[in-house]
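Engineer: In case it helps, our numbering puts the sequence shown at residues 2 to 524.
Note that beta-carbon positions come from the ideal geometry of N, C-alpha and C, so glycine has one too.
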Amino acid sequence: MKFNIQKTNLSFPAIALILIVALLCAGCVDTEGAEEKVLRVVFNEGPDTGGSLDPANGWTGWYVHQAGIYETLFYYDADMNLMPKLASGYKQLNDTEWEIQLRKGVAFHDGTKMDADAVLFSMNRVLDPSNSRSYEYSFIKDVRKTGNYTIIIETNGTCTPLISSLVDPIMSIISPNAESPDTEPVGTGPFKFVSFEPSTSLELEKNPDYWGGEVKVDRVLIQYNKDSTARTMLIKSGDVDIARDPLQSEYSTLQNNPDINVTSRETLRMYFLYVNGAKAPFNDTRVRQALSYAINRQEIVDTALEGVSGIPATGVFTNTMPWNANDQIKSYEYNPEKALELFEEAGITKGEDGKLYYNGKPFTVEIQTYNKRAALQPSAEIIASELEDIGITSQVTILESTALKENALAGTYDLSLSAWNTAPIGDPDYFLSTHFLSTGSYASGWIRYSNPQVDEWILEARNEPDKEKRTELYEKVQRQIQEDVPVLPVFYANEIYALSSNVEGFVMYPNEYTIITRDIGFA
C-alpha cells in the first residue's frame with residue numbers, strides 16, 4: 002500500500018501548535034486582571050471559500066452560523082424538533098403557498114431592523130441563479146411580503162420539505178445594510194464579528210442587545226486547526242476551553258483528566274466512500290458491491306475510532322434519523338469471499354501471485370481523502386489495507402478539500418472518503434436530491450449516478466404531503482441505492498468535544514448547525 006500526502010499550505014503540527022498558542026495567548030492578555038469572560042475554542046475546520054464570511058457563499062454559512070453570528074428563520078433543537086427562530090410561526094395557505102410570520106423586535110448588529118424586507122433581501126441572494134447553490138432551492142418560485150413582518154413563499158408545485166429547507170445556514174438572514182458581508186458579517190445572533198484571519202482564527206464579541214436574552218461571555222476566540230493532535234494538546238494544556246474532534250486515541254486520557262469533560266453524541270454524520278461511476282471498472286455495479294463486501298467496518302470502528310466514536314454503517318442515514326430504512330435494506334457485512342466472487346464475475350481475477358488483475362494489469366485503487374477530521378486518514382488507511390488483503394493494489398492520498406473536490410469534478414479519482422451530515426435539515430430530500438437525483442450536483446458531478454426510477458421516487462416524495470406515503474417512497478429509494486452502491490457507507494460518527502471542566506451551558510446539536518450559543522459560560 003502506498004501512502005501519499007499532497008500538501009498545500011499545511012503546517013507541521015508543532016508549527017501549527019506554536020502559532021495557535023501564540024494567538025490564543027495574545028487573546029488571553031486582555032483577560033488578565035479584568036472581569037471580561039473570554040471563551041477560547043479550537044475547531045477542526047473553518048471558512049474555505051477564499052476567506053469569505055458570506056453565508057450565501059458556498060458552505061460558509063455553516064461556520065458563521067455555528068459561531069453565533071447569523072440566525073435563520075427556523076432551526077432544529079438538540080432533540081431535532083423543528084422550532085421557530087427569526088420566524089414566530091407559519092401556516093400553509095394552499096398546496097404551493099406558505100405564509101411565514103416574522104419575529105418582531107429583532108435588530109441586526111448594525112442596528113438595522115430585522116423585517117420582511119431584510120428577509121427578502123437575504124433569500125433572494127440565495128435564489129439568484131448566479132449563486133452556486135441556487136439549484137438546491139429551485140422548488141421556490143417566488144418570495145414576497147404581505148406586511149412588514151409577514152412573507153409568503155410560493156413553490157413550483159407541492160414541496161413538503163420547504164420549511165425544513167429554511168434551516169440551512171445558507172438561508173441565514175443578513176443585514177441589507179451590511180457593506181461587505183464577505184469580510185464583515187452583520188447578523189442577528191448572540192455574537193458580533195470583530196476580526197477574521199482565513200483558515201486561522203475568528204474573533205467575536207457579545208451582542209449586548211441580543212433579542213434572545215443575556216449572552217454569558219464577553220468574547221469568543223475561535224481558532225481553526227486541521228491537526229487533531231494539536232487540538233488535543235491545546236485542551237490538555239488548558240490553552241483552550243473547548244476542542245472539537247480531538248484524537249480518538251486520547252479519548253480515555255481526556256476522560257480521566259479531572260480538568261476536562263468529554264462529551265460525545267451520535268449525530269447525523271456518515272463517513273462514506275464516493276465511487277467514480279464514470280470510470281471502469283467502477284462503473285460496474287458488481288465491482289461496487291464487491292468493494293463494499295471487502296470493507297470490514299467493525300475493524301475501522303474498533304481501530305480508527307478506538308471503539309468510542311462511531312458504529313458500522315448500513316445505509317446513507319444514521320440510526321438516529323427517523324427516516325432511515327436500515328432495518329429493511331441490504332447489509333454488506335464483511336465477506337471477502339463474496340467480494341472475490343463478484344470481482345471475478347466482473348472480469349477482475351486473481352493471478353498466481355495472489356494479486357487481482359483487470360484487463361491484464363494489476364487492479365489498483367486509489368483512495369483520496371482530506372485531513373479536516375481526525376478519523377478520515379486512519380479510516381482510509383485501514384480500508385486500503387483491507388483491499389490489499391484480497392489482492393487489490395491500494396494507495397491513500399491526502400489532499401486539501403479544494404483539491405479533492407476538483408479531482409472529483411474532473412473525474413480523476415477512484416474512491417474518495419468523505420464525511421457528511423446527511424440530514425442536517427431533518428428531511429431526507431436534502432441528501433437524496435443532491436447525491437442520487439440525476440440532476441443533483443453530487444450525482445452528476447461526483448459519482449455520475451443516474452437511475453430514472455430513483456429520480457421518480459425522490460421527486461414524488463418531495464411533493465407528497467402524506468408522511469406515511471413519503472416514508473414508503475424514501476424506503477424504496479434507500480433499498481435501490483443500496484443495490485446500486487453509488488456510494489459506500491462506512492460508519493456513523495459520534496461528535497466528540499473536550500471541554501474545560503468549568504465550562505457550562507454547552508449543548509451538542511445533531512445537525513451541527515449550532516455550536517456557540519448565548520448559554521455557554523463559566524461556572
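(1) Among residues of its own chain, excluding the 5 on either side of Y225, which ones have a beta-carbon nearer than 8 Å to its beta-carbon?
(2) My guess is that L474 and L274 are in contact by the Cβ rule of under 8 Å, so how many angstroms apart are they, rounded?
(3) Tell me, which residues are paired with I497 by DSSP?
(4) Please state whether DSSP places L292 in a helix, a strand or coil.
(5) With 16 other CB atoms within 10 Å as the buried threshold, where does A68 fall?
(6) Which one of Q329, P379 and D428 has the shortest CA to CA distance from T304?
(7) For I368, write down the residues that DSSP places opposite it in a beta bridge.
(8) Note down the Cα distance separating I243 from F197, rounded to an integer number of angstroms.
(9) Please give me, in chain order, every unbroken run of the beta strand (DSSP E) with length at least 3 that falls completely inside the stretch 416–465.
(10) Can you tell me the Cα-Cα spacing of E461 and Y450, whole angstroms?
(11) Leaving out the 5 sequence neighbours to the left and right, which residues in its chain are closer than 7 Å to G352 when beta-carbon positions are compared?
(12) Report yes or no: do three or more beta-carbon pairs, one from the stretch 290–303 and one from the stretch 246–266, lie closer than 8 Å?
(13) With three or more C-beta pairs closer than 8 Å as the rule, is the stretch 398–405 touching the stretch 434–445?
(14) Say the cut is 8 Å; is the CB of M84 nearer than that to a heavy atom of the ligand ZN?
(15) Measure the C-alpha to C-alpha separation of V168 and D285 and round it to an integer number of angstroms.
(16) So the beta strand (DSSP E) F192 belongs to, where does it begin and stop?
(17) Quick check on the DSSP output: the beta strand (DSSP E) that includes Y475 runs from which residue to which?
(18) Leaving out five residues on either side along the sequence, give the residues of the same chain with a beta carbon under 7 Å from the beta carbon of I383.
(19) Suppose you measure from the CA of A23 to the CA of A231; what does that come to, to the nearest Å?
(20) Y359 lies in the alpha helix (DSSP H); which residues open and close that run?
(21) For the beta strand (DSSP E) that contains T156, what are its first and last residues?
(22) Within the same chain, show all residues whose beta-carbon is closer than 7 Å to that of Q481, passing over the 5 residues directly before and after it, in chain order.
(23) Taking DSSP as the reference, what is the three-state secondary structure of R220?
(24) For V216 and G427, I'd like the C-alpha separation in whole angstroms.
(25) On the premise that A494 lies in contact with Y138, defined as a C-beta separation below 8 Å, what is that separation, rounded to the nearest angstrom?
(26) From what residue to what residue does the beta strand (DSSP E) around W63 run?
(27) Look at the Cβ atom of I393, then the Cβ atom of L40, and state whether they are nearer than 9 Å.
(28) With a floor of 4 residues, list each alpha helix (DSSP H) that falls wholly inside the stretch 109–156, ordered by position along the chain.
(29) Going straight from the alpha carbon of S572 to that of N512, what length do you get?
(30) Using a Cβ-Cβ cut-off of 6 Å (strictly less than) and excluding sequence neighbours within five positions of E349, which residues of its own chain qualify?
(31) Could you compute how far the alpha carbon of F507 sits from the alpha carbon of I517?
(32) With distance defined between alpha-carbon atoms, name the residue in I391, T159, L377 and G62 nearest to N336.
(33) Grab the span of the alpha helix (DSSP H) containing T304 for me, first residue to last.
(34) Relative to the C-alpha of E36, which residue among R220, I330 and A444 is closest?
(35) Could you tell me whether the Cβ atoms of A117 and K92 are closer together than 9 Å?
(36) Between N58, Q396 and N422, which has its C-alpha nearest M322's C-alpha?
Structural biologist: From the atom records:
(1) Result list for Y225: V43, F44, N45, E46, G47, S200, T201, S202 and L203, in chain order.
(2) Not a contact, Cβ separation roughly 26 Å.
(3) Residue pairing of I497 in beta bridges, as defined by DSSP: S265.
(4) Here L292 sits in helix by DSSP.
(5) Around the beta carbon of A68, a 10 Å sphere encloses 16 or more other beta carbons of the protein chains shown; the residue is thus reported as buried.
(6) Of the listed residues, the one whose Cα sits closest to T304 is P379.
(7) DSSP, once it has assigned bridges, lists V397 and L416 as partnering I368.
(8) So the two alpha carbons sit approximately 19 Å from each other.
(9) Listed in chain order, the beta strand (DSSP E) elements of length 3 or more contained wholly in the stretch 416–465 are 416–422.
(10) Whole-angstrom Cα-Cα distance: 19 Å.
(11) Result list for G352: Y358, in chain order.
(12) Too few Cβ pairs lie closer than 8 Å, so no.
(13) No: the two stretches stay apart, fewer than three of their Cβ pairs being nearer than 8 Å.
(14) Summarising the ligand content, the structure contains no ligands, and the ligand ZN is consequently not present.
(15) Each residue's Cα considered, the two are about 37 Å apart.
(16) Unbroken beta strand (DSSP E) run through F192: F192 to E198.
(17) Per DSSP, Y475 lies in no beta strand (DSSP E) segment; the continuous alpha helix (DSSP H) that holds it begins and ends at K468 to D485.
(18) The residues are E300, I301, T304 and A305.
(19) In this prediction, A23 has a pLDDT of 45, which is less than 50 and means its spatial position is unreliable; what the coordinates show is noted afterwards. One C-alpha to the other measures close to 13 Å.
(20) Careful: Y359 lies outside any alpha helix (DSSP H), inside the beta strand (DSSP E) at L357 to Y359.
(21) Unbroken beta strand (DSSP E) run through T156: T151 to T156.
(22) Taken in chain order, the residues that qualify are N452, Q454 and V455.
(23) It is a strand residue.
(24) When only Cα atoms are considered, V216 and G427 end up about 27 Å apart.
(25) With 8 Å as the limit, Y138 and A494 do not qualify as a contact, their Cβ atoms being about 28 Å apart.
(26) Following the DSSP letters along the chain, one finds W63 in no beta strand (DSSP E) but inside the alpha helix (DSSP H) bounded by residues T61 to Q67.
(27) No, the Cβ-Cβ distance between I393 and L40 is not below 9 Å.
(28) The stretch 109–156 contains, as complete alpha helix (DSSP H) runs of 4+ residues, the segments 117–128 (chain order).
(29) Limits of the chain in this structure are 2 at one end and 524 at the other, which puts residue 572 out of reach.
(30) For clarity, residue 349 is Ile in the given sequence; the question names Glu instead. Cβ neighbours of I349 beyond the five flanking positions: L357, Y359 and F364.
(31) Answer to the nearest angstrom: the Cα atoms are 8 Å apart.
(32) Of the candidates I391, T159, L377 and G62, the one whose C-alpha sits nearest the C-alpha of N336 is I391.
(33) That run of the alpha helix (DSSP H) goes R298 to T304.
(34) Of R220, I330 and A444, the smallest CA-CA separation from E36 is found for R220.
(35) 9 Å or more divides the Cβ of A117 from the Cβ of K92.
(36) Of N58, Q396 and N422, the residue nearest in Cα terms is N422.
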